[in-house]
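Okay, so the sequence shown: first residue is 1 according to the UniProt record's numbering, each after it adds one. The beta carbon of each residue, even a glycine, is placed where N, CA and C say it ideally should be. Keep in mind it's a predicted model, so treat the numbers as computed, not measured. Data first, discussion second: the structure below is written as structure tokens.
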Amino acid sequence: MTRKTPPSSSDILCIGSVLWDIIGRSASHMRQGSDVPGRITRLPGGVAMNIAMTLARFGMRPVLLTAIGQDPEGDELIRACAELGMETAHVYRSEDLPTDRYMAVEGANGLIAAIADAHSLEAAGAKILRPLNNGALASAEAPYRGPVALDGNLTLSLLEEIAASPAFAEADLRVAPASPGKAERLRPFLTHGRALLYVNLEEAGLLCQREFSSAEEAAAGLLSRGARRALVTDGGKPACDGTAEGLVSGCPPEVLVTRVTGAGDTFMAAHIVAEAQGASRQEALDRALGAAARYVSGDTGL
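In structure tokens:
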């Protein structure tokens, strides 16, 4: 499949999960077995999708590389992506795999439980990367040179392939785990040292196989394990951006938390945009923390 329009400076590849988010939210505190009133919504979601939506609101054009079924839910999701300003020409549409889904329950005390059904994305594997190997977007001889947002819903073998692939050799690669349970899949990027890793404190500890007491300590730990750059968040506590040039820290604004699903994706997208606009490391970190705080407070303005 060929690209409909030529690449532009506002393009960014978003690789990973694009699915339907089914979120139940209640204003009540919840525990195991709670049965409370609330609201249930279904919206386009997935790590790559959440990042892409924020990038699009900031004026960038996300190019999606993912797997979406040819079922009615998939057709509806493709239409929603296009309406939100995303390029879907290179999405892998499977005839036999259903469109993925994510389900979560949130209470006043935060995320209670979640299940990510990204089996179709995992089963599609390297098929979603065909445009980066057949010349539609890039190839081994002509690697992609723009920014790439990559999420950890891909299989470990595919992430290893991406970390070593010539097609990504000149890309500005930004990587985030889909959840703490999938954080260890990002180990190839420690080995190759080619990406900026966006992780929270728990995910950093899983990657380094130790516990950290602060984002600054975790960022330093990731750098010592081979990371080129690491950006570690810790909820309402200070976050840290670590590189070989030093550590930069920032504290998120205090807000009333009304939602949590998608906050990390919003943070990552806002940080990417800030740096694309020429912001310093400190300014980019502060702007990303502010955007994430507004998101969790329920403010839709970014």
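At a Cβ-Cβ threshold of 8 Å, Gly24 and Gly38 count as neighbours.
A check of alpha carbon separations from Ile12 across Asp100, Phe168 and Ile22 identifies Phe168 as the nearest. By the Cβ criterion, the segment 210-224 is not in contact with the segment 168-183, since fewer than three pairs of Cβ atoms, one from each stretch, lie closer than 8 Å. Under the three-state reduction of DSSP output, Ala176 falls in the strand class. The C-alpha of Pro188 is placed about 19 Å away from the C-alpha of Ile128. With distances taken between CA atoms, Ala126 lies nearest to Thr66 out of Thr66, Ala108 and Glu73. Excluding the 5 residues flanking it on each side, Cys208 has same chain C-beta neighbours closer than 6 Å at Gly221 and Arg225, in chain order. Counting along the chain, the unbroken beta strand (DSSP E) around Tyr198 starts and ends at Ala195 to Asn200. Here Ala263 is near Tyr295, since their CB atoms are less than 8 Å apart.
Counting the other Cβ atoms within 10 Å of the Cβ of Gly69 gives 16 or more, which makes it buried.
Assigned with DSSP and collapsed to three states, Ser165 falls in coil, not helix or strand. Taking C-alpha positions only, Asp241 is separated from Arg229 by approximately 7 Å. A straight line joining the alpha-carbon of Ala276 with that of Gln32 spans about 43 Å. At a cut-off of 3 residues, the continuous stretches assigned as beta strand (DSSP E) that sit fully inside the segment 78-146 are 92-94, 101-107 and 110-117. Residue range Lys237 to Thr243 is occupied by the beta strand (DSSP E) that includes Thr243.
Of the candidates Leu132, Tyr102 and Ala124, the residue whose Cα lies closest to the Cα of Ala114 is Tyr102.
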